[in-house]
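Note sheet for the following structure.
Protein chains: 2
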Amino acid sequence: MEKSALQMARAAYQPKLPKALQGAVKVKEGAATQSVGDQEEIKKLFPNTYGMPIVEFEPATEANNTKMNVGIILSGGQAPGGHNVITGLFDQIKKLNPENRLFGFILGPGGLVDHNYMELTADIIDEYRNTGGFDMIGSGRTKLEKVDQFEKGLEIIRELNIKAIVIIGGDDSNTNACVLAEYYAAKNYGVQVIGCPKTIDGDLKNDQIETSFGFDTACKTYSELIGNIERDCNSARKYWHFIKVMGRSASHIALECALQTQPNICLVSEEIEQKGMSLDDIVTYIANAVCQRAADGNNFGTVIIPEGVIEFIPAIKKLIAQLNDVLAMPEAKELDRHESIDFVKAHLTDENLAVFNSLPTGVARQLALDRDPHGNVQVSLIETEKLLSTMVAQKLEKMKKEGKYSGKFSAQHHFFGYEGRCAAPSNFDADYCYALGTSAAQLIANGKTGYMAIVKNTTAPAEQWIAGGVPITMMMNMEKRAGEMKPVIRKALVELDGAPFKTFAAQRDRWARETAYVYPGPIQYWGPTEVCDQPTRTLALEQGK
Amino acid sequence: MEKSALQMARAAYQPKLPKALQGAVKVKEGAATQSVGDQEEIKKLFPNTYGMPIVEFEPATEANNTKMNVGIILSGGQAPGGHNVITGLFDQIKKLNPENRLFGFILGPGGLVDHNYMELTADIIDEYRNTGGFDMIGSGRTKLEKVDQFEKGLEIIRELNIKAIVIIGGDDSNTNACVLAEYYAAKNYGVQVIGCPKTIDGDLKNDQIETSFGFDTACKTYSELIGNIERDCNSARKYWHFIKVMGRSASHIALECALQTQPNICLVSEEIEQKGMSLDDIVTYIANAVCQRAADGNNFGTVIIPEGVIEFIPAIKKLIAQLNDVLAMPEAKELDRHESIDFVKAHLTDENLAVFNSLPTGVARQLALDRDPHGNVQVSLIETEKLLSTMVAQKLEKMKKEGKYSGKFSAQHHFFGYEGRCAAPSNFDADYCYALGTSAAQLIANGKTGYMAIVKNTTAPAEQWIAGGVPITMMMNMEKRAGEMKPVIRKALVELDGAPFKTFAAQRDRWARETAYVYPGPIQYWGPTEVCDQPTRTLALEQGK
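From first to last, the protein sequence lines are chains B and V. Letter by letter, the first sequence follows residues 169 to 713 in my numbering. Letter by letter, the second sequence follows residues 169 to 713 in my numbering.
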């Protein structure tokens with residue numbers, strides 16, 4: 169592997185650890201826990217892993233020299249810092265006992281089932297310290313949820329004499345980690361399962377998990393780009409930039425980027441849903457801001473849009489639900505493209521038809537024609553940034569005819585997703601992930617299963633961070649998935665009464681009118697601590713800083 | 169202006185200057201020069217500014233305390249470092265004589281004509297040290313080429329007692345700077361004009377100008393993003409990423425990004441033109457690489473595409489030329505969209521019709537229907553990255569039917585332009601621009617006009633850089649522009665026998681087959697010198713390093 173100068177220099181970075189994890193460790197157990205909802209059902213589904221205490225690590229005088237082999241799995245989309253969870257885990261199990269071995273399962277949970285693995289030795293580990301990506305062992309989206317998968321996995325676990333599996337993933341993957349932990353515990357197999365909280369979207373977050381890893385680096389990378397675009401926007405003074413960022417179900421990324429860069433407009437899906445806004449409401453909101461800025465002579469601006477916003481508009485949600493039903497009708501399958509659209513229009517309710525007709529032709533056509541392998545409308549194919557700018561342009565045209573607007577409107581479009589998912593982790597993510605991996609090793613050494621590794625107090629210097637573990641069942645409730653009630657970890661959406669949103673909401677009118685852009689620049693690994701070592705604004709505000 | 173932590177810390181950076189510019193300066197003059205082509209014509213057009221010597225600055229014992237006011241103009245698209253040219257110029261004229269004043273003309277050359285200006289005082293200057301963007305005074309695209317503009321400009325020059333105008337711009341703007349210098353010299357107005365070489369595309373480059381500013385920072389920013397995408401690509405192992413980068417007429421950016429990131433494929437427009445490749449040749453080339461990687465089990469990859477590639481394909485160039493003619497026919501104006509396409513098809517030569525029919529429907533439709541205000545085909549609207557991936561998918565489908573390919577192909581698309589034009593300048597661009605501004609001040613103080621400020625030996629440490637000026641006429645020849653022969657600075661395209669291209673060409677077959685990605689990471693301002701202070705690969709290779 170040919171390396172860049174940054175990678176080579178960065179390999180030498182020694183992530184900072186919480187004080188409690190720097191030497192020998194003992195466990196302090198708290199009170200018994202219960203799930204956030206549906207306690208009875210969750211308890212019944214997880215008799216062996218329900219109700220366990222939260223644990224915290226404390227410095228100890230005597231080292232625990234547990235002999236143990238560990239398996240590690242990366243699950244789902246990439247997030248910066250994944251490799252550091254693995255290096256933290258590796259360093260800690262070797263420190264516990266140099267004979268301990270770490271096995272990586274290849275390309276995600278499927279690697280466990282298919283017995284596709286590699287031993288992660290020191291020379292491999294050293295190649296990946298403080299790097300982005302999941303390419304050390306690859307990731308995958310196979311769901312571990314069936315008994316035959318668990319049993320197949322057990323074969324290789326036995327063969328490699330593995331004591332515990334660590335699964336790095338989002339809400340679904342951690343739920344499955346807990347199902348697996350429960351299964352192995354129920355069977356008395358003596359195999360532990362530990363989860364690690366990863367998601368760029370930032371929606372795996374609760375009282376115990378302050379932030380999920382990768383969010384910090386990804387948001388800073390997107391904010392670098394948004395800031396660069398804002399500066400261009402403010403220099404050329406002739407375009408409105410519509411910038412879509414990752415975040416299908418939660419708008420944490422959009423909100424964090426807005427707090428870092430102060431754009432003219434940022435949409436927040438959760439607010440749109442809560443207020444029951446229509447597509448026209450959103451378009452009007454943007455068009456009015458364009459109009460107001462034009463009146464000040466500013467025919468330019470920036471708009472941040474969360475990827476999933478369209479599905480949060482109640483009227484569009486209803487339309488999509490009915491489209492799925494209409495397109496599933498047997499008669500619909502025989503029609504050519506032209507007939508299909510007529511068929512759809514003939515079967516929509518008046519309300520949905522009105523929404524359908526309000527969409528630009530290309531988007532309506534796409535909704536009526538393109539379906540995914542399950543026959544569903546492909547909402548993710550809609551280029552929301554272009555949809556919105558097109559509709560804003562139409563609205564402004566109308567306002568111009570009415571004499572309400574006399575500016576110029578020209579739009580540019582951007583979408584940032586892949587640009588940040590594999591960025592080299594910021595100091596925060598490098599430290600945080602390394603501490604999570606170290607915690608995972610200690611949870612294993614202390615015999616825990618069905619726990620997620622956690623690190624708290626993360627706006628303080630790393631030295632003062634608090635490491636430990638939380639029972640995964642504690643974060644669960646029952647939700648409907650594909651028609652069935654399932655135990656799941658509750659997704660953390662943007663809270664409209666939380667400090668990050670309120671801070672944004674208190675300033676957005678000024679940002680819309682003025683040009684209050686902030687240009688964060690690229691992530692720095694060396695240099696002043698106020699540049700290199702700050703947590704996200706979201707995290708700081710949530711912790712009252 | 170609210171500032172980011174990086175901006176605040178970065179404001180304190182003191183750009184490094186060449187030794188000769190650190191104290192008092194004297195001028196060393198070389199031999200008389202001549203233009204790179206059409207000497208007689210250029211000499212006739214520029215009797216007062218032709219044939220002047222190249223000058224180099226040397227340390228002097230006695231300071232030149234010239235009393236002078238200076239005007240500065242930013243022309244054309246943004247490039248990182250523009251503000252540092254201005255701060256370098258400001259610091260140097262104040263050092264020469266604290267009474268000297270600097271005036272910035274607002275929103276480009278139009279500011280001179282319209283008398284729209286602001287005085288740049290120390291407090292304003294300090295806000296913009298080492299920052300990206302052109303927002304200090306804004307930029308514009310008004311061309312200074314008419315006598316009444318020159319005379320109008322003179323009024324405000326006299327009013328502000330300005331001795332010289334500095335114009336920061338690309339090839340066209342510097343040509344116009346020289347026309348202005350010649351005019352003021354011919355009229356004996358005693359007003360000097362100095363140019364500064366700026367272009368992100370990197371096509372303002374020759375024996376005297378080693379690199380134009382902004383190229384370094386922009387390429388590093390794009391390479392950061394391309395590296396992040398490559399790492400994602402190599403972690404998820406399921407997409408081909410088609411990444412378009414800036415560069416309408418030259419592929420320097422694409423080539424530099426390829427040298428930094430080692431993608432599977434990089435197209436170089438100049439090579440495509442030289443080899444007379446067809447669109448099908450390019451598609452086949454990419455499809456074959458996809459096929460070969462699929463045979464190794466690698467259904468993923470990255471392709472870098474220069475923005476202007478489509479216009480370098482000889483067959484497409486011919487088609488566009490004929491389309492422009494056909495669409496200009498009076499009968500064409502009366503037709504509706506449907507008739508228009510039939511009309512176009514009926515009037516194309518067989519050869520052009522075949523090319524037209526080979527294009528995906530949407531692209532063909534766009535070429536036949538969408539015209540710019542001059543009635544020309546809008547090539548820039550074509551999303552080349554999507555055009556190519558669509559055609560590659562079709563080609564692979566055909567290969568699959570013929571049993572030659574059995575992989576999976578799924579594409580993602582990106583376009584990077586605005587993301588890098590206003591990035592905070594790298595140490596290289598911060599130093600280089602500051603030195604250019606300092607040189608410009610010294611050229612003025614030494615009575616020069618019609619010169620471009622230059623800095624050479626730029627792969628050595630800044631201390632050893634050589635600063636001076638070159639007569640703009642030296643870089644000119646006569647070229648046809650809009651039907652007329654005009655004096656212009658010759659654009660520097662990628663040289664196929666130059667070291668950067670040859671280095672790329674020698675490795676690209678391996679890069680196509682293997683996964684040899686390099687992940688450069690974000691620009692660093694603090695940290696090890698091998699990370700923070702390297703010039704571009706293009707510059708290093710051109711200088712044999």
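Every residue gets a Cβ at the ideal spot worked out from N, C-alpha and C, and that includes glycine.
- Excluding five sequence positions before and after Glu-295(B), the CB atoms of its chain that fall closer than 7 Å to its own CB belong to Met-169, given in chain order.
- Partner residues in the beta bridge of Val-638(V), as assigned by DSSP, are Met-620(V).
- Phe-214(V) sits in coil when the DSSP states are folded into three classes, being neither helix nor strand.
- The shortest CA-to-CA distance from Arg-399(B) to any of Glu-479(V), Gly-245(V) and Ser-446(V) is the one to Gly-245(V).
- Listed by position along chain B, the residues whose Cβ is nearer than 7 Å to that of Gly-465(V) form an empty set, because the closest Cβ is around 11 Å away.
- Straight through space, the alpha carbons of Ala-684(V) and Cys-401(V) are spaced by roughly 12 Å.
- Residue-level contact by beta carbon fails for Gln-534(V) and chain B, as no gap is shorter than 8 Å.
- Counting only runs of at least 3 residues, the region 435-489 of chain B fully encloses the following beta strand (DSSP E) elements, listed from N- to C-terminal order: 469-474.
- Val-436(V) sits away from Ile-478(V), with the two beta carbons spaced by 8 Å or more.
- Taking the C-beta atoms as reference points, Asn-342(V) is found no nearer than 8 Å to Gly-308(V).
- The Cβ atoms of Ile-440(V) and Ile-481(V) lie closer than 8 Å to each other.
- For Arg-399(V), the nearest CB of chain B lies under 8 Å from its own CB, placing it at the interface with that chain.
- Rounded to whole angstroms, the gap between the alpha carbons of Glu-197(V) and Val-223(V) is 5 Å.
- Bounds of any alpha helix (DSSP H) do not take in Leu-242(V); it lies within the beta strand (DSSP E) bounded by 237-242.
- Residues are counted here when their Cβ sits less than 9 Å from a Cβ of chain B; for the region 319-352 of chain V the count is zero.
- A check of alpha carbon separations from Arg-589(B) across Ala-180(B), Ala-598(B) and Tyr-390(B) identifies Tyr-390(B) as the nearest.
- In this chain, Asn-252(V) is not harboured by any beta strand (DSSP E); it is covered by the alpha helix (DSSP H) spanning 250-264.
- If you look at Phe-225(B), you'll find it in the beta strand (DSSP E) that goes 221-227.
- Here DSSP, grouped into helix, strand and coil, assigns Asn-645(V) to strand.
- In the assembly as shown, Ser-607(B) is a buried residue. Its beta-carbon has 16 or more other beta-carbons within 10 Å.
- Here Ala-228(V) is exposed, its C-beta having fewer than 16 other C-beta atoms within 10 Å.
- In this structure the region 566-580 of chain V does not lie against the region 178-193 of chain V, because fewer than three pairs of beta carbons, one per stretch, are closer than 8 Å.
- As computed with DSSP, Cys-364(V) is found in a beta bridge with Ile-336(V).
- Here His-582(V) is bridged, per DSSP, to Ile-411(V).
- For Ile-240(B), no CB of chain V lies under 8 Å from its own CB, so it is not counted at the interface with that chain.
- Going by beta carbons, Gly-689(V) and Leu-393(B) fall outside the 8 Å limit.
- Excluding five sequence positions before and after Gly-636(V), the CB atoms of its chain that fall closer than 7 Å to its own CB belong to Ile-222, Val-223, Glu-224, Phe-225, Ser-607 and Ile-622, given in chain order.
- At a cut-off of 8 Å between C-beta atoms, Glu-587(V) counts as an interface residue with respect to chain B.
- Ala-609(V) sits in a helix when the DSSP states are folded into three classes.
- Chain B has a Cβ within less than 8 Å of the Cβ of Ile-691(V).
- When the beta-carbon positions are compared, Ile-612(B) and Val-238(B) come within less than 8 Å of each other.
- Annotated three-state conformation of Val-662(V) is coil, per DSSP.
- Listed as beta-bridge partners of Glu-519(B) by DSSP are no residues whatsoever.
- Residue contact check for Val-204(V) against chain B: no CB pair falls below 8 Å.
- Sixteen is the threshold: when 16 or more other Cβ atoms of the shown chains lie within 10 Å of the Cβ of Asn-595(B), as they do, the residue is buried.
- For Phe-672(B) against Leu-556(B), the beta-carbon gap comes to about 19 Å, at or over 8 Å, which does not count as contact.
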